[in-house]
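Here is the structure we will look at.
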Amino acid sequence: MTTNPDNQKPVEPSDVEAGTETSTFSTITQRWKREETIKKASPITRGLSLIFSLLAFVIMVSNKHGPGRNFDEYEEYRYLLAIAILASLYTAWQTFVHLSKRDFFDRRTSILLDFSGDQIVAYLLISAASSAIPLTNRFREGQDNIFTDSAASAITMAVLAFVSLALSALFSGYKLSSTHSFV
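Residue numbers 193 to 375, in the working numbering, belong to the letters of the sequence shown in order.
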């Protein structure tokens, strides 16, 4: 039997053990809830990234408004289009894999590919958006028209796709760190 220093009453060993069991139980249930939230949030963020990258692709492809106002005349916009296509394909594949619940690779390889792919595609999305922003700003200094508005919309969709894929990368990183087989 030990003495509690605050009020000098004896503390029974069973009281100490009971408190530990309760805190351990709540810790375990909190972890389960967190893992369930991550399981639900990961496909949602990938789905949002798919929607945003598809929108960036469609908006940029439809941005043809006559000579000097076609997206394919500017390499920054072509780069944004290429990365939007790549991001759409990647997130469509990841969404398919999650919804089909099929294992194409073993669990360890799958988690590693998710994490790496999310990081690479997110970096490419922000890179493409940041390369197209200065060109759009330069065009907007001269005049603001439907061509620059469409370009700005496609850039915005690419940035939103980046944000949702970056969140997905955080979830993938959590899954990677919680897998004990990597240590």
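Yeah, the Cβ is synthetic: ideal placement off N, Cα and C, and Gly gets one too.
Because the structure is a prediction, the values reported are computed rather than measured.
| Check | Outcome |
| --- | --- |
| Buried/exposed call for Ser308, threshold 16 Cβ in 10 Å | exposed |
| Bridge partner(s) assigned by DSSP for Lys182 | Because the chain is modelled from 193 through 375, residue 182 falls outside the range shown and cannot be assessed. |
| Beta-carbon proximity of Ser134 to Ala321, cut-off 9 Å | Because the chain is modelled from 193 through 375, residue 134 falls outside the range shown and cannot be assessed. |
| The stretch 287-295 touching the stretch 317-335, judged by at least three CB pairs closer than 8 Å | no |
| Local Cβ density within 10 Å of Lys367, reported as buried at 16 or more and exposed below that | buried |
| Cutoff 8 Å; reference Ile236; Cβ partners in own chain excluding five residues on either side | none |
| Residues of its chain near Ser254, where Cβ-Cβ distance is below 8 Å and the 5 sequence neighbours each way are ignored | Ser342 |
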